[in-house]
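Engineer: Sharing a structure with you now.
Numbering (our numbering), first residue to last: 184 to 640.
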């Protein structure tokens, strides 16, 4: 009957779960199949023992059963002994703790204070560049804080003296300028031994192999080079300060013990700000460079022509073709025998021919000065659209998701105004000089007509 039931169960299992050849399974799939069928761990051992028990003879089964019962009884006895020992140990521990509390008395609150001081000092030491000289101080403080947290033993006077000594050591080191040789993390993560100079807690500098400021990494307990060094006079000051010699020399320090230097890395440069403007910002800058270039060239051209016209006014008897007034004088001398009306028309025609040359490209500069702020406004709208899209997707919990769109909106506005202001100013100056030059030609034309009329009268 048992064999019949076993055959039925195996048949049902075979029908419900199609068999897979072990040769076709990967190592991971084979392990998964063994776990599913219970061929690993305790279940595999139990199945193996059960199979061995079923295959044994009645006499062997009786022996195995007797051994199992004896082992069970032995384990139960050991378990009872362990329970009794555990209860006794708990009684002894409670008695010891009561005895410890009686001995401590009002000093029990010192455990919490010492633990707090140990944790505070541990964090301060890890964040201080003085750990270059005194490494490993926080390890003892961590052990001491753990002992105070357990409150399992009375602190000794040596422990208090050690805490006081570490505090005094930190105070003394904070006012020293020392040179140490230590491992430094480079910009790419490479490590190298360098000669460092620690200025109290206000900074780390080096001239090995070139002047640079460093920052203290609390996580790795190492000094690392800044990704971006301060600009201006600071690096030359470091080089001069670290040169051997006597006397006082200025050097820049960070009064925040590294916070300002750390933010310097995240401060965007001019190139980063320009890149934040995107395509619209680049187009504005290209248009602005083109407009400013045209305006400057045109202004210089008008100034040169004005000088030539002024020189021609001082020598009207010798007209030259390198200036508008000289060309008009040539027309006057060639046609001064004509009637006054005809001569006036010829000079007016010459003035109309010279004016487009004088006003050339001024309209382009004016158009650029008007288009630049409009393009900046378009970039602002695009940036705000990107910001609202980020808010829709990610919400307002993380400001960094909105920073890109807001940055583009503000940068393009600034770029548009930056282009518009100088182009408007240059257009106004060039237009004023061009108008003055045209007025000079008009006055000279009127003077020539008046002289012709006087000669005719």
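Just so it is clear, CB atoms sit at the ideal spot from N, CA and C, and this is done for glycine as well.
Are the CB atoms of residue 485 and residue 616 nearer to each other than 9 Å?
Structural biologist: Against a cut-off of 9 Å, the Cβ pair of residue 616 and residue 485 comes out as a contact.
Engineer: For residue 443, which residues in the same chain have their Cβ closer than 6 Å to its Cβ, ignoring the five residues on either side in sequence?
Structural biologist: The answer, listed in chain order, is 437.
Engineer: Closest by CA to residue 387, which one among 373, 371, 367?
Structural biologist: For residue 387, the nearest C-alpha among the options comes from 367.
Engineer: Give me the residue from 389, 352, 522 with the minimum Cα distance to residue 369.
Structural biologist: For residue 369, the nearest C-alpha among the options comes from 389.
Engineer: Quick one: residues in its chain with C-beta nearer than 7 Å to the C-beta of residue 417, no 5 flanking neighbours on either side, listed in chain order?
Structural biologist: Contacts found: 435.
Engineer: What are the boundary residues of the beta strand (DSSP E) that includes residue 355?
Structural biologist: Unbroken run through residue 355 is the alpha helix (DSSP H), 340-357; no beta strand (DSSP E).
Engineer: My output table needs one value for residue 622: the three-state DSSP class, helix, strand or coil.
Structural biologist: Helix at residue 622.
Engineer: Got a sec, what are the start and stop residues for the beta strand (DSSP E) residue 376 sits in?
Structural biologist: Its beta strand (DSSP E) spans residues 374-382.
Engineer: Three-state secondary structure (DSSP) at residue 365?
Structural biologist: If DSSP states are grouped into helix, strand and coil, residue 365 belongs with the strands.
Engineer: In chain order, which continuous runs of the alpha helix (DSSP H) of length 4 or greater are located wholly inside the region 388-460?
Structural biologist: Complete alpha helix (DSSP H) runs here, min 4: 417-424, 442-449, 453-459.
Engineer: Using CA coordinates, which residue listed in 319, 636, 385, 400 is at the minimum distance from residue 525?
Structural biologist: Among 319, 636, 385, 400, the Cα nearest to that of residue 525 is on 636.
Engineer: Output the distance between the C-alpha atoms of residue 513 and residue 554, rounded to the nearest integer angstrom.
Structural biologist: Approximately 42 Å between the Cα atoms of the pair.
Engineer: Which runs of the alpha helix (DSSP H) spanning at least 4 residues fall entirely within the region 510-586, listed in chain order?
Structural biologist: Taking only runs of at least 4 residues, the alpha helix (DSSP H) segments lying wholly in the region 510-586 are 523-542, 545-577.
Engineer: What number of angstroms, rounded off, separates the C-alpha of residue 204 from the C-alpha of residue 371?
Structural biologist: Because residue 204 carries a pLDDT of 48, less than 50, the predicted location of this residue cannot be relied on, and the following value inherits that uncertainty. Approximately 52 Å between the Cα atoms of the pair.
Engineer: Helix, strand or coil for residue 386 per DSSP?
Structural biologist: Three-state DSSP puts residue 386 in a strand.
Engineer: Less than 8 Å between the CB atoms is what I'm expecting for residue 475 and residue 606, so what's the real figure, rounded?
Structural biologist: Contact holds; Cβ gap of about 6 Å.
Engineer: For the putative contact between residue 301 and residue 328, defined by C-beta atoms under 8 Å, what is the C-beta separation to the nearest angstrom?
Structural biologist: Yes, residue 301 and residue 328 are in contact; Cβ-Cβ is about 4 Å, under 8 Å.
Engineer: For the putative contact between residue 365 and residue 315, defined by C-beta atoms under 8 Å, what is the C-beta separation to the nearest angstrom?
Structural biologist: Confirmed, Cβ separation roughly 5 Å.
Engineer: Among 317, 298, 339, 341, which residue has its Cα nearest to the Cα of residue 324?
Structural biologist: It is 298 whose Cα lies nearest to the Cα of residue 324.
Engineer: Suppose contacts are defined by Cβ-Cβ distances below 9 Å. Is residue 488 in contact with residue 506 by that definition?
Structural biologist: Yes, the Cβ-Cβ distance between residue 488 and residue 506 is below 9 Å.
Engineer: Quickly, what does DSSP pair residue 477 with across the bridge? List them, please.
Structural biologist: For residue 477, which the question treats as bridged, DSSP gives no partner whatsoever.
Engineer: Could you round the C-beta distance between residue 447 and residue 409 to whole angstroms and report it? I think they count as a contact, below 8 Å.
Structural biologist: The pair is a contact, with the Cβ atoms about 7 Å apart (cut-off 8 Å).
Engineer: Taking the C-alpha atoms as reference points, what is the distance between residue 268 and residue 257?
Structural biologist: Approximately 17 Å between the Cα atoms of the pair.
Engineer: Do residue 620 and residue 421 come within 9 Å of each other at the CB atom, strictly closer than that value?
Structural biologist: Result no, Cβ atoms of residue 421 and residue 620 do not sit closer than 9 Å.
Engineer: Who are the Cβ neighbours of residue 580 in its own chain at under 8 Å, not counting the five residues just before and after it?
Structural biologist: If we look at residue 580 and ignore the five residues flanking it on each side, it has no Cβ neighbours.
Engineer: For residue 182, which option in 381, 353, 374, 342 has the closest C-alpha, if you only look at C-alpha atoms?
Structural biologist: In the structure as shown, the chain starts at 184 and stops at 640, and residue 182 therefore has no counterpart that could be examined.
Engineer: Closest to residue 349 by CA distance: which of 330, 375, 308, 339 is it?
Structural biologist: Among 330, 375, 308, 339, the Cα nearest to that of residue 349 is on 308.
Engineer: Identify which residue in 522, 470, 612 has its Cα closest to the Cα of residue 634.
Structural biologist: Ranking 522, 470, 612 by Cα distance to residue 634 puts 522 first.
Engineer: Using a Cβ-Cβ cutoff of less than 6 Å, which residues in the same chain neighbour residue 461 once the five nearest sequence positions on both sides are dropped?
Structural biologist: Same-chain partners within the cutoff: 591.
Engineer: Measure the beta-carbon distance from residue 357 to residue 398 and round it to whole angstroms, keeping in mind my assumption that it falls under 8 Å.
Structural biologist: That belief does not hold up - the Cβ atoms of residue 357 and residue 398 are roughly 17 Å apart, past 8 Å.
Engineer: Straight-line CA distance for residue 624 to residue 517?
Structural biologist: Whole-angstrom Cα-Cα distance: 18 Å.
Engineer: Let me check one thing: in DSSP terms, what residues is residue 360 bridge-paired to?
Structural biologist: Residue 360 is bridged to 382.
Engineer: Can the beta-carbon of residue 396 be found closer than 9 Å to that of residue 412?
Structural biologist: Cβ atoms of residue 396 and residue 412: closer than 9 Å.
Engineer: Would residue 376 be called buried (16 or more neighbouring beta carbons within 10 Å of its own) or exposed?
Structural biologist: By the neighbour-count rule (16 or more Cβ atoms within 10 Å), residue 376 is not buried but exposed.
Engineer: How is residue 636 classed by DSSP in three states: helix, strand or coil?
Structural biologist: Helix, per DSSP.
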